[in-house]
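Here is the structure we will look at.
Number of protein chains: 2
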Amino acid sequence: MANIREIARKAGVSVTTVSRVLNNHPYVSPAKREAVLKTIKELDYSPNINAVHLSRGKTNMVGVVLPTINHPYFSELLEGLAKEAIKHNIQLVLFQTGYQQEKEFEALEQLRGHLIDGVIFTSRAIPFNLLLKYKDDGPIVLCEDSDQDEFPSISIKHEDAFNLGLEYLISMGHDRIAICLGRLEGANSQKRQKTYHQKMEIIGHLVHDEWVIGDCLVIQDGKRVMDRYLKMEEKPTAFLVGNDQVSAGMITEATKYGLAVPGDVAVLSFDNHPISEIMAITTIDIPTNQLGSYAFRAFIKRSENSKYAEKITLPFKLIKRKSV
Amino acid sequence: MANIREIARKAGVSVTTVSRVLNNHPYVSPAKREAVLKTIKELDYSPNINAVHLSRGKTNMVGVVLPTINHPYFSELLEGLAKEAIKHNIQLVLFQTGYQQEKEFEALEQLRGHLIDGVIFTSRAIPFNLLLKYKDDGPIVLCEDSDQDEFPSISIKHEDAFNLGLEYLISMGHDRIAICLGRLEGANSQKRQKTYHQKMEIIGHLVHDEWVIGDCLVIQDGKRVMDRYLKMEEKPTAFLVGNDQVSAGMITEATKYGLAVPGDVAVLSFDNHPISEIMAITTIDIPTNQLGSYAFRAFIKRSENSKYAEKITLPFKLIKRKSV
DNA sequence: TTGTATGCGTTATCAT
DNA sequence: ATGATAACGCATACAA
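Listed in order, the protein sequences are those of chains A and B.
Counting in this note's numbering, the first sequence runs from 6 upward without gaps.
Counting in this note's numbering, the second sequence runs from 6 upward without gaps.
So this is what it looks like as structure tokens:
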């Protein structure tokens with residue numbers, strides 16, 4: 006309840022001196038510094054940070070937009086962000102969107118309201134032109150393989166990574182390949198589907214509509230995929246899967262039905278998260294953690310230079326295990 | 006960049022009127038309201054929330070202390086919290102501690118600094134007497150089976166739940182039972198160990214030191230546990246495991262070595278999270294999500310009544326599947 | 001219904 | 001080295 010003025014009065018100094026002590030400024034005599042510190046302790050004082058923020062004009066907090074934290078991809082990414090944020094003494098404020106645009110706008114509005122100094126999108130649902138309106142409100146960073154030059158962005162080249170997966174499956178003798186993606190309408194999924202169709206055309210293979218499966222995000226979705234597979238008239242011999250969680254669910258379910266992996270059906274996924282190692286899933290390693298670190302550094306650069314808009318792409322690599 | 010004063014000037018009204026429009030107060034003529042709204046739109050104005058907070062004396066944000074979000078237990082709990090927080094139009098600010106006390110103090114310091122209106126501990130590492138010092142700085146809620154009356158708390162009765170697990174294993178013919186816990190020094194773990202030793206004594210069975218395994222939190226820890234099991238001279242016939250993740254890792258690893266579950270070794274865990282269903286793990290359901298909801302409601306009650314300190318315990322139940 | 005003036009708790013400027 | 005005072009942007013008691 007105590008404030009800086011009260012401290013000043015009791016310590017027999019001015020508020021300026023108290024503020025100087027609080028912020029470790031030079032030019033405060035040891036005697037007065039001592040007196041101030043003593044009073045602060047006595048009154049159990051601590052500064053009202055809202056006032057500090059208002060006065061300073063910034064908060065040292067940045068928003069992180071993500072669909073859910075209840076998924077290894079995003080929690081890994083977040084750890085990368087957090088690791089870097091700590092170095093810069095900056096707090097992360099999370100915005101769990103569940104892919105709801107409304108929630109993303111909430112983050113952007115907090116940016117406008119000076120509650121946070123910037124926003125990092127680990128995933129985005131709002132259209133680009135609406136995002137653009139917030140360009141001047143503070144640093145914004147995108148974790149996406151994007152086709153724009155307004156904001157800095159960090160990602161892997163999704164088309165290339167998807168191609169790598171397809172080519173590996175083909176090299177292992179598969180030509181009847183199905184794919185499992187997240188939200189089919191998302192930018193990344195669109196790119197992946199395009200890549201898929203192109204590649205299938207090259208090897209001269211028609212694509213069955215039911216071989217493109219959406220909404221594959223968590224382990225339970227893998228079960229759903231296998232159930233669907235069992236009912237297919239035209240069965241693929243391999244699946245290229247958007248993330249390890251779904252693969253894990255698929256393989257577990259397949260095993261239940263006595264299907265051999267990769268004998269009856271091969272599975273290749275993305276991420277190289279712990280579960281893929283445990284279950285010996287062949288996967289394409291995505292440096293998810295690093296993605297986060299780089300994203301945060303991009304935020305810092307953008308803070309220092311409001312024109313900074315570099316597109317950074319990180320490497321990925323195939324991890325051969327036992328599911329293909 | 007624009008502020009309320011500028012809006013007032015351009016709209017030809019007082020700052021008070023602008024503030025009234027902003028906060029939907031009555032007693033503003035439609036004409037002036039219109040003028041203000043128009044100017045706000047023109048200047049692309051939005052309020053500086055720090056100033057609002059400073060002026061109002063509160064922020065509508067509460068801190069959530071948790072070891073990591075990269076774990077189903079905590080992300081589930083968090084979802085329960087978030088669901089409720091949304092209803093009250095309150096932002097959650099996460100403090101990932103990694104069980105570092107320092108991080109928990111950070112949350113408490115933000116409470117003191119009026120940056121957040123309260124703190125919810127989903128897990129706690131700092132000693133109680135230090136926590137107590139923050140009692141008057143704002144509402145604090147504990148998610149723990151605690152023995153205190155200063156703060157409201159939400160939890161299940163860990164002793165009872167652990168007993169239920171032990172009794173079920175015993176009823177299935179096991180008497181050589183090992184346990185896997187999280188941080189052995191934590192309050193919950195202590196209670197569970199005590200329960201374990203008591204029960205083992207009742208059935209007249211000595212406990213081997215190596216049958217109490219700590220640091221079991223994630224799926225990889227399950228692998229470690231099984232590796233250790235294989236080297237034991239005195240092998241248990243069953244494991245009571247602190248959470249489903251660890252069970253999943255154990256079972257996967259056991260299967261690799263040709264061990265039958267539950268034939269060679271039975272596994273019973275806690276949580277009833279998705280992976281336990283997928284892998285048919287027998288588990289004790291913890292209403293993790295509800296735990297979060299209740300915790301948030303306790304925060305609200307404590308905000309309204311600074312004496313409120315109810316201890317709420319939620320029910321748990323055994324889910325019989327195929328790992329015991 | 002509207003406006004003036006003051007307060008919220010700090011930092012920063014500018015003297016001295 | 002120190003302090004008086006003006007911002008920071010908003011809410012609100014009070015007056016009109």
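Glycine included, each C-beta is placed from N, C-alpha and C at the ideal position.
Problem - Closest by C-alpha distance to Ser194 of chain B, when choosing among B:Pro72, B:His163, B:Gly170 - result: Within the second sequence, residue 194 of chain B is the residue found at index 189, counting from 1. Just measuring C-alpha positions, the residue of B:Pro72, B:His163, B:Gly170 sitting nearest Ser194 of chain B is B:His163.
Exercise for the section: Using three-state DSSP, classify Lys63 of chain B as helix, strand or coil. Expected result: To locate residue 63 of chain B, count along the second sequence from 1; it is residue 58. DSSP, reduced to helix, strand and coil, places Lys63 of chain B outside both helices and strands of the structure shown, so it counts as coil.
Practice task
Please classify Phe126 of chain B: does DSSP put it in a helix, a strand, or coil?
Solution key: Position 121 of the second sequence, counting from 1, holds the residue named residue 126 of chain B. Secondary structure of Phe126 of chain B (DSSP, three-state): strand.
Problem - Short-range partners of chain A found in the region 108 to 130 of chain B, where Cβ spacing is below 8 Å - result: Answer in chain order: Glu114, Gln115, Arg117, Gly118, His119, Leu120.
Exercise for the section: Identify every residue that forms a DSSP beta bridge with Phe100 of chain B. Expected result: Here residue 100 of chain B refers to the residue found at position 95 when the second sequence is read from its first residue. Partner(s): B:Val70.
Problem - Closer than 7 Å to chain A by CB, Pro267 of chain B - result: In the second sequence, the residue the question calls residue 267 of chain B occupies position 262. Chain A contact via Cβ: absent.
Practice task
Would you kindly check if the distance between the Cβ of Asp249 of chain A and the Cβ of His278 of chain A is under 7 Å?
Solution key: In the first sequence, counting from the first residue as 1, residue 278 of chain A sits at position 273. In the first sequence, counting from the first residue as 1, residue 249 of chain A sits at position 244. In contact: His278 of chain A and Asp249 of chain A (Cβ atoms closer than 7 Å).
Problem - Where Lys228 of chain A falls, given that 16 or more other Cβ within 10 Å makes a residue buried - result: Taking the first residue of the first sequence as position 1, residue 228 of chain A is located at position 223. When all chains shown are included, Lys228 of chain A counts as buried.
Exercise for the section: Name, going along the chain, the residues of the region 220 to 238 of chain A whose beta-carbon falls closer than 9 Å to a beta-carbon of chain B. Expected result: Cβ contacts with chain B come from Val223, Ile224, Gln225, Gly227, Lys228.
Exercise for the section: Identify, in the order they occur along the chain, each residue of the same chain with its Cβ nearer than 6 Å to the Cβ of Ser281 of chain A, setting aside the five sequence neighbours on each side. Expected result: For the purposes of this step, residue 281 of chain A is identified with residue 276 of the first sequence, where counting begins at 1. Closer than 6 Å at Cβ, skipping near neighbours: Asp249, Thr288.
Problem - Endpoints, beta strand (DSSP E) assigned at Asp290 of chain B - result: In the second sequence, residue 290 of chain B corresponds to position 285, counting from 1. Here the beta strand (DSSP E) through Asp290 of chain B covers 287 to 290.
Handout entry: Where Val217 of chain B falls: helix, strand or coil (DSSP)
Key = Against the second sequence, residue 217 of chain B aligns to sequence position 212. Looking at Val217 of chain B - three-state DSSP - the assignment turns out to be strand.
Exercise for the section: Evaluate the contact criterion for the region 66 to 80 of chain B versus the region 35 to 45 of chain B: three or more CB pairs, one atom per stretch, below 8 Å. Expected result: With a cut-off of 8 Å, the region 35 to 45 of chain B and the region 66 to 80 of chain B do not count as touching, because too few Cβ pairs lie within range.
Practice task
Give a yes or no on whether 7 Å exceeds the smallest Cβ distance from Ile283 of chain B to chain A.
Solution key: In the second sequence, the residue the question calls residue 283 of chain B occupies position 278. Interface residue, yes.
Practice task
Return the residue from the list B:Gly254, B:His210, B:Lys37, B:Glu238 that minimises the CA-CA distance to Val230 of chain B.
Solution key: For the purposes of this step, residue 230 of chain B is identified with residue 225 of the second sequence, where counting begins at 1. Among B:Gly254, B:His210, B:Lys37, B:Glu238, the Cα nearest to that of Val230 of chain B belongs to B:Gly254.
Exercise for the section: For Glu239 of chain B, count neighbouring Cβ atoms within 10 angstroms of its own Cβ and tell me buried if that reaches 16, exposed if not. Expected result: Residue 239 of chain B sits at position 234 when you count from the first residue of the second sequence. Exposed, by the Cβ-count rule.
Practice task
Give a yes or no on whether the minimum CB-CB distance between His278 of chain A and chain B is below 7 Å.
Solution key: Here residue 278 of chain A is taken as the residue at index 273 of the first sequence, counted from 1. No, His278 of chain A does not count as interfacial toward chain B.
Handout entry: Alpha carbon of Tyr313 of chain B to alpha carbon of Pro292 of chain B, nearest angstrom
Key = For the purposes of this step, residue 313 of chain B is identified with residue 308 of the second sequence, where counting begins at 1. For the purposes of this step, residue 292 of chain B is identified with residue 287 of the second sequence, where counting begins at 1. Tyr313 of chain B and Pro292 of chain B have their C-alpha atoms some 23 Å from each other.
Handout entry: Contact check, Leu86 of chain A vs Gly247 of chain A, beta carbons under 7 Å
Key = The residue labelled residue 86 of chain A in the question sits at position 81 within the first sequence. The residue labelled residue 247 of chain A in the question sits at position 242 within the first sequence. Cβ atoms of Leu86 of chain A and Gly247 of chain A: not closer than 7 Å.
Exercise for the section: On a CA-only basis, which of B:Leu136, B:Leu147, B:Leu113 is nearest Thr127 of chain B? Give me that one, please. Expected result: On the second sequence, residue 127 of chain B is found 122 positions in, with the first residue counted as 1. It is B:Leu147.
Problem - Thr242 of chain A in three-state terms, based on DSSP - result: If you number the first sequence from 1, residue 242 of chain A lands on position 237. In the structure shown, Thr242 of chain A sits in coil (DSSP, three-state: anything other than H, G, I, E or B).
Problem - Partners in chain A for Ser80 of chain B, counting only beta-carbon separations shorter than 9 Å - result: Position 75 of the second sequence, counted from the first residue, corresponds to residue 80 of chain B. Here the neighbours are Thr73, Ile74, Asn75, His76, Ser80.
Handout entry: Own chain, CB closer than 6 Å to His210 of chain B, minus 5 neighbours either side, in chain order
Key = Position 205 of the second sequence holds residue 210 of chain B. These residues qualify, in order along the chain: Asp180.
Problem - Rounded separation between Ile161 of chain B and Ser151 of chain B - CA only - result: Numbered from 1 along the second sequence, position 156 holds the residue referred to as residue 161 of chain B. Numbered from 1 along the second sequence, position 146 holds the residue referred to as residue 151 of chain B. Cα to Cα, the separation comes out at about 10 Å.
Exercise for the section: Could you pull the start and end residues of the beta strand (DSSP E) that Val272 of chain A belongs to? Expected result: The residue you call residue 272 of chain A lines up with position 267 of the first sequence. Counting along the chain, the unbroken beta strand (DSSP E) around Val272 of chain A starts and ends at 271 to 276.
Exercise for the section: Output yes or no for whether 7 Å exceeds the beta carbon distance between Ala243 of chain A and Leu174 of chain A. Expected result: As a first step, residue 243 of chain A must be located in the first sequence, where it is residue number 238. As a first step, residue 174 of chain A must be located in the first sequence, where it is residue number 169. Closer than 7 Å, so yes.
Problem - Exposed unless 16 or more other CB atoms sit within 10 angstroms - verdict on Gln115 of chain B - result: One-based indexing of the second sequence puts residue 115 of chain B at position 110. Classification for Gln115 of chain B: buried.
Exercise for the section: Tell me, to the nearest whole angstrom, how far the beta carbon of Val67 of chain B is from that of Val98 of chain B; I am working on the premise that it is less than 8 Å. Expected result: Within the second sequence, residue 67 of chain B is the residue found at index 62, counting from 1. Within the second sequence, residue 98 of chain B is the residue found at index 93, counting from 1. Between Val98 of chain B and Val67 of chain B the Cβ distance is about 7 Å, and since that is below 8 Å, they are a contact.
Practice task
Measure the CB-CB distance between Tyr299 of chain A and Ile159 of chain A and report whether it falls below 7 Å.
Solution key: Along the first sequence, one-based indexing puts residue 299 of chain A at 294. Along the first sequence, one-based indexing puts residue 159 of chain A at 154. Between Tyr299 of chain A and Ile159 of chain A, the gap from beta carbon to beta carbon is short of 7 Å.
Practice task
Measure from the C-beta of Leu174 of chain B to each C-beta in chain A and report whether the shortest distance is under 7 Å.
Solution key: Your numbering for residue 174 of chain B matches position 169 in the second sequence. It does not; no Cβ of chain A falls within 7 Å.
Problem - Minimum Cβ-Cβ distance from His93 of chain A to chain B less than 7 Å - result: For the purposes of this step, residue 93 of chain A is taken as the residue at position 88 of the first sequence. For His93 of chain A, not one C-beta of chain B is nearer than 7 Å to its own C-beta.
Practice task
Under the assumption that Ala143 of chain A contacts Asp122 of chain A (Cβ atoms under 8 Å), give the Cβ distance between them as a whole number of angstroms.
Solution key: In the first sequence, residue 143 of chain A corresponds to position 138, counting from 1. In the first sequence, residue 122 of chain A corresponds to position 117, counting from 1. For clarity, residue 143 of chain A is Gly in the given sequence; the question names Ala instead. Their Cβ separation, rounded to whole angstroms, is 6 Å, which keeps Gly143 of chain A and Asp122 of chain A in contact under 8 Å.
Exercise for the section: Tell me, please, which residues DSSP counts as bridged to Lys316 of chain B. Expected result: Taking the second sequence and counting its residues from 1, one reaches residue 316 of chain B at position 311. DSSP output for Lys316 of chain B lists B:Ser158 as bridge partner(s).
Handout entry: Beta-carbon contacts of Ala90 of chain B that lie in its chain and below 6 Å, excluding the five residues immediately before and after
Key = In the second sequence, the residue the question calls residue 90 of chain B occupies position 85. Spatial neighbours of Ala90 of chain B in its own chain (CB-CB distance under 6 Å, excluding positions within 5 residues in sequence) are listed in chain order as Leu97, Phe301.
Problem - Limits of the unbroken alpha helix (DSSP H) element including Ala183 of chain B - result: Counted from its first residue, the second sequence places residue 183 of chain B at position 178. Element bounds for Ala183 of chain B: not the alpha helix (DSSP H) but the beta strand (DSSP E), 182 to 185.
Practice task
Tell me the start and end of each unbroken beta strand (DSSP E) in the region 167 to 213 of chain A that is at least 3 residues and wholly inside, in chain order.
Solution key: List check, beta strand (DSSP E) in window: 182 to 185.
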